[in-house]
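The next block holds one structure in the form of structure tokens; read it before the comments.
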Amino acid sequence: MKKLFLMGRSEAGKTSLTQAMKGEELHYEKTQYTYSHESTIDTPGEYAETKSASVGLACFSFDADVIAMLCAADEPFCIFGNNLNCCINRPLIGIITKIDSPHANVDKVKNWMENAGCERIFEVNNKTREGIDALLEYLRNDRITISIDEAKAKQDNGINAWE
Ligand SMILES: Nc1nc2c(ncn2[C@@H]2O[C@H](COP(=O)(O)OP(=O)(O)O)[C@@H](O)[C@H]2O)c(=O)[nH]1
Ligand SMILES: [Mg+2]
6 MKKLFLMGRS EAGKTSLTQA MKGEELHYEK TQYTYSHEST IDTPGEYAET KSASVGLACF
66 SFDADVIAML CAADEPFCIF GNNLNCCINR PLIGIITKID SPHANVDKVK NWMENAGCER
126 IFEVNNKTRE GIDALLEYLR NDRITISIDE AKAKQDNGIN AWE
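All residue numbers for the sequence shown refer to this note's numbering, where the first residue is 6 and numbers rise by one.
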């Protein structure tokens with residue numbers, strides 16, 4: 006199973022997602038520092054919200070196989086920039102939480118994630134576990150590995166050839 010790195014603003018639902026992925030009842034826990042679990046790395050929202058602390062994200066993400074930009078469906082604005090995938094040498098995915106919120110605007114958040122360069126976008130409700138199985142299945146599937154010669158050949162053909 007690929008190890009998932011979670012980054013997003015405070016209260017977005019990162020810790021709840023780790024509980025939903027384990028099949029646990031949601032229970033509030035303030036994330037005081039970076040927690041490395043078996044299949045997830047959970048970070049404090051302050052790392053994503055504070056410029057001086059954001060280096061923490063870069064540092065701990067090296068231990069993960071997949072980086073997730075996590076936003077709640079009712080967030081008013083996006084704290085991540087466009088083309089975020091350019092500075093990450095891991096697959097970048099988007100996870101939209103709180104799709105059950107009465108103020109949810111899933112299309113808007115999806116747009117942010119597409120602009121950031123997320124290769125997959127998952128919509129979840131941590132409370133009912135809706136969408137969690139699709140995320141787990143994605144993490145369970147082995148990554149496609151290629152040899153160095155195949156990588157060089159693809160590189161010679163330009164970046165679009167990676168598709
Ligand atoms: N309605 C709803 N509430 C959620 C969902 N995910 C998390 N929450 C609630 O949002 C609050 C913040 O969640 P938490 O996981 O601590 O956010 P974090 O700061 O990103 O770790 C808690 O009260 C959760 O119960 C969701 O999918 N739907
Ligand atoms: Mg948390």
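The beta carbon of each residue, even a glycine, is placed where N, CA and C say it ideally should be.
Open item on the list: If the criterion is Cβ atoms closer than 9 Å, does the pair A78 and T102 meet it?
Closed with: yes
Task: For Y38, the nearest candidate out of L31, G61 and C76 (CA to CA) - done: G61
- [ ] Taking M12 as part of the beta strand (DSSP E), name the residues at either end of that continuous run.
- [x] L9 to M12
Open item on the list: Measuring straight from C-alpha to C-alpha, what distance separates N94 and D68?
Closed with: 12 Å
Open item on the list: Going by C-alpha to C-alpha distance, which of N88, A17, H32 and T150 sits closest to T48?
Closed with: A17
Task: ligand 2 heavy atom lying under 8 Å from the CB of T20 - done: yes
Task: Inter-residue spacing [alpha-carbon to alpha-carbon] between I84 and S66 - done: 18 Å
TODO: Answer yes or no: do R14 and C92 have a C-beta to C-beta separation smaller than 9 Å?
DONE: no
- [ ] Kindly indicate the opening and closing residues of the alpha helix (DSSP H) around M118.
- [x] V111 to A121
Open item on the list: I'd like to confirm something about S46: is its beta-carbon nearer than 8 Å to some heavy atom of ligand 1, or not?
Closed with: The amino acid at residue 46 is misidentified as Ser; the sequence shows Ile. Flag unset: Cβ of I46 not near ligand 1.
Task: Heavy atom of ligand 1 within 8 Å of Y33 beta-carbon - done: yes
TODO: Could you tell me which of E30, P107, V71 and H42 sits nearest to C123, measuring between CA atoms?
DONE: V71
Open item on the list: Tell me the residue span of the beta strand (DSSP E) that contains E135.
Closed with: Premise fails: E135 is in no beta strand (DSSP E) and is neither H nor E.
Open item on the list: Between which residues of its own chain and F127 is the CB-CB distance below 8 Å, once the five residues before and five after are set aside?
Closed with: I98, G99, I100, I101, G136, A139, L140 and Y143
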